[in-house]
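Read the structure below first, then the notes.
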Amino acid sequence: MTSLVRAELQRFFATRIWLIALAAAVVCGFGLAGLVAVIGPENSQPPLPPLGTPEGVSVLLGLVQITLFVPATLGTFAVTSEYRHGTIGTTFLQVPQRGRVMAAKFLAHAIIGAAYGIVLALGAGLAIVLGSALGPGTLGVPAADLVSSLVRLAAAAAIHTLIGVAIGALVRNQVAGIAVTLGWFYLLEPVVMIIPGVNLVYGILPGGAAAALTRSTWLSQVIAEQTAGPTALVLAPWAGGLLLLGYAVAAAAVSVAVPLRRDLA
Amino acid sequence: MTTLTIAGLTKRYGPVTAVDGLGLVARPGRVTGFLGPNGAGKSTTLRMTLGLVRPDAGSATFDGVRYADLSQPTRTVGAVLDLAAPHPAMTARRHLAIAAQLGGHSAARVPHVLTAVDLMAAADRRVGTYSTGMRQRLALATALLGDPEVLVLDEPTNGLDPAGIRWLRDLVRARAAAGGTVLISSHQLSEVQQYVDDVVVVSRGRDVWSGPLTELGGAGDLEDAFLTLTGGLA
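Sequences listed follow chains Z and L, in order. Under numbering that gives the first Met the number 0, the first sequence has 35 at position 36, and the numbering climbs by one with no breaks. Under numbering that gives the first Met the number 0, the second sequence has 193 at position 194, and the numbering climbs by one with no breaks.
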């Protein structure tokens with residue numbers, strides 16, 4: 000299994016996708032959080048809580064958390080590329096045990112997703128610390144709390160990558176796979192968040208669970224309250240983490256089981 | 000010395016039976032031509048033989064073992080299929096290195112097969128810039144990574160120029176002369192008749208004739224015999 004995982008990692012670094020992923024992690028982490036920190040959340044329209052408060056830190060983490068559709072899309076792109084270019088045939092000829100191939104793909108993308116998450120979280124953390132130092136002069140939360148939130152953000156990014164992998168394994172067609180992933184994380188979940196009544200379920204969707212896990216729910220709560228009333232379900236961080244882990248396990252089952260019996264065509 | 004045996008292989012796609020109880024034997028030391036018109040079921044048969052498509056009935060085995068059950072399949076069988084392509088954004092060297100890693104082959108096999116197919120000079124170019132013939136050579140290099148006893152080649156001369164076709168012919172003959180088993184599909188009889196020993200003719204998913212090439216045409220014209228068997232000649 001180690002050599003299969005190594006082969007999947009080699010595959011990731013054999014094209015420019017790793018550079019795109021790295022750039023995306025920097026832009027979504029340091030770039031986005033840094034931009035808001037430089038502008039000052041309180042100067043936005045409508046004004047957001049300033050950086051020197053717990054809510055201000057939560058806002059920045061919430062904005063970064065919204066970009067988790069990016070690692071999910073990367074996961075989908077990586078798997079569907081195999082089908083798009085026909086390289087999956089070469090892979091299954093070398094290793095006919097498809098379950099092993101998909102398990103290796105899943106493990107490799109757990110590593111890739113974690114690496115993406117670390118770059119994302121480090122960038123966001125750096126932007127928050129620098130923004131706080133240059134702006135209000137104080138960090139809105141204890142440093143240990145910030146580190147804890149950033150670790151959770153990295154974990155959420157890894158799990159989103161794996162969910163993307165599962166969608167890719169399920170859909171196979173690249174355009175359709177990316178449309179499903181983007182549609183779900185970028186359109187459907189935010190829409191669910193703002194529809195009265197329906198927004199109750201947002202908390203148990205991957206986005207809501209990730210927001211709970213990373214303690215970046217302030218933004219989603221305010222959006223929900225202003226649009227759909229104060230009914231959005233917010234899980235405890237541990238429950239959000241557990242639920243997100245459940246999504247990862249389900250994604251693993253889908254990724255490994257679905258391609259087993261399908262014909263290549 | 001490995002014998003490929005296909006027996007009663009069947010594949011249906013809805014109401015269409017693409018392969019209908021097909022059987023053949025490809026023996027060591029022989030080049031077996033798998034001949035039939037376009038749409039006769041050749042590619043589907045080879046995909047089932049290599050575990051990429053699930054048969055509805057029948058079996059394909061290498062000395063009695065299914066491809067998926069071989070301990071190191073690409074050390075026994077090397078295949079060229081249109082479903083097994085390289086990524087266009089990768090270099091040939093990277094593509095082969097990943098395939099070698101997946102198949103459990105030594106990294107030293109990569110330069111060896113690149114040299115064998117005469118692609119070393121282009122090894123670090125992206126595959127997307129390759130001509131069709133170069134891609135076919137790379138597909139063969141991938142098939143040769145495990146130095147397999149059996150070669151299963153689906154229309155391997157597609158896109159090859161005359162020099163490439165001769166090179167392939169020499170390669171295939173050399174593998175058979177060394178005791179290897181070669182099954183090669185084609186719809187171009189005039190081309191493969193130069194290097195196949197045995198022939199299996201397939202039409203509408205069924206094997207309609209099999210035996211030594213010399214017996215296919217009998218005393219008459221080979222092409223006429225083939226067209227008559229496959230329904231291409233009224």
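Glycine included, C-beta positions come from ideal geometry on N, C-alpha and C. In this text, all values refer to a predicted model and were calculated from it rather than measured experimentally.
Beta carbon proximity, residue i to chain B, threshold 9 Å
i, result
"Y66 of chain L", "Within the model displayed, chain B is absent; protein chains Z and L are what it includes."
CB contact below 9 Å: residue i versus chain L
i, result
"S2 of chain Z", "yes"
"A13 of chain Z", "yes"
"R151 of chain Z", "no"
"Q173 of chain Z", "no"
"L18 of chain Z", "no"
"S80 of chain Z", "yes"
"A256 of chain Z", "no"
From the options, residue whose alpha carbon lies closest to that of residue i
i, options, result
"T1 of chain Z", "Z:G130, Z:I162, Z:I110 and Z:S131", "Z:I110"
"A41 of chain Z", "Z:L145, Z:T213, Z:T79 and Z:G55", "The sequence given here has Glu at residue 41 of chain Z, not Ala. That would be Z:G55, whose Cα lies nearest to the Cα of E41 of chain Z."
"A173 of chain L", "L:I5, L:A6, L:P27 and L:A17", "L:P27"
"S4 of chain Z", "Z:T75, Z:T90 and Z:A23", "A small correction: the amino acid at residue 4 of chain Z is Val; Ser does not occupy that position in the sequence shown. Nearest of Z:T75, Z:T90 and Z:A23 to V4 of chain Z, Cα basis: Z:T90."
"A142 of chain L", "L:A78, L:L21, L:W208 and L:L212", "L:A78"
"P258 of chain Z", "Z:G88, Z:V35 and Z:Q64", "Z:G88"
"P110 of chain L", "L:L144, L:T75 and L:L8", "L:L144"
"A211 of chain Z", "Z:L31, Z:A126 and Z:V58", "Z:V58"
"L243 of chain Z", "Z:A168, Z:G98 and Z:L67", "Z:L67"
"T131 of chain L", "L:I97, L:V149, L:E154 and L:V112", "L:E154"
"D62 of chain L", "L:M0, L:G32, L:T31 and L:Q192", "L:M0"
"L145 of chain Z", "Z:G61, Z:A256 and Z:G85", "Z:G61"
"L101 of chain L", "Z:G134, Z:G130 and Z:Q9", "Z:Q9"
"A208 of chain Z", "Z:V170, Z:A247 and Z:I193", "Z:A247"
"L139 of chain L", "L:L152, L:G32 and L:N37", "L:L152"
Beta-carbon neighbours of residue i, restricted to chain Z and to distances below 9 Å
i, result
"P72 of chain L", "L92, Q93, V94 and P95"
Contacts of residue i in chain L (Cβ-Cβ under 7 Å)
i, result
"G85 of chain Z", "L82, A83 and A84"
"R99 of chain Z", "Residues of chain L passing the Cβ test: none, with the nearest at roughly 10 Å."
Test: residue i CB closer than 9 Å to a CB of chain Z
i, result
"Q100 of chain L", "yes"
"V109 of chain L", "no"
"A233 of chain L", "With a pLDDT of 44 at A233 of chain L, under the threshold of 50, the modelled position of this residue cannot be trusted; read the value that follows with caution. No, A233 of chain L does not count as interfacial toward chain Z."
"A224 of chain L", "no"
"M89 of chain L", "yes"
"G103 of chain L", "yes"
"R203 of chain L", "no"
"L8 of chain L", "no"
"L150 of chain L", "no"
"R93 of chain L", "yes"
"L34 of chain L", "no"
"L3 of chain L", "no"
"L69 of chain L", "yes"
Buried/exposed call for residue i, threshold 16 Cβ in 10 Å
i, result
"I183 of chain L", "buried"
"V164 of chain Z", "buried"
"G13 of chain L", "exposed"
"G276 of chain Z", "What the structure shows of chain Z is the stretch from 0 to 264, and residue 276 of chain Z is not part of that stretch, so it cannot be assessed."
"A153 of chain Z", "buried"
"P205 of chain Z", "buried"
"T114 of chain L", "exposed"
"A233 of chain L", "In this predicted model, A233 of chain L has a pLDDT of only 44, less than 50, meaning its place in the structure is not dependable; the value taken from the coordinates is given anyway. It counts as exposed."
"R93 of chain L", "buried"
"S105 of chain L", "exposed"
"F270 of chain Z", "Nothing in the structure corresponds to residue 270 of chain Z, since chain Z is present only between 0 and 264."
"M47 of chain L", "buried"
"V201 of chain L", "buried"
"N198 of chain Z", "buried"
Chain Z contact residues for residue i, given Cβ-Cβ distances below 8 Å
i, result
"I97 of chain L", "A6, Q9, R10 and A13"
Segment limits, alpha helix (DSSP H) that includes residue i
i, result
"S105 of chain L", "Neither: S105 of chain L is in no alpha helix (DSSP H) and is coded neither H nor E."
"F12 of chain Z", "T1 to F12"
"I38 of chain Z", "L31 to I38"
Contacts that residue i makes with chain L (C-beta to C-beta distance below 8 Å)
i, result
"L263 of chain Z", "R46, L51, V52 and L82"
Within chain Z, the residues that residue i reaches when beta carbons sit closer than 7 Å
i, result
"T141 of chain L", "T89"
"A234 of chain L", "The question about residue 234 of chain L has no answer, for chain L in this structure spans 0 to 233."
Segment limits, beta strand (DSSP E) that includes residue i
i, result
"V199 of chain L", "D197 to S202"
"G57 of chain L", "A56 to F61"
"W236 of chain L", "Residue 236 of chain L lies beyond the range of chain L shown here (0 to 233); nothing can be said about it."
"A17 of chain L", "V15 to A25"
"F33 of chain L", "V30 to L34"
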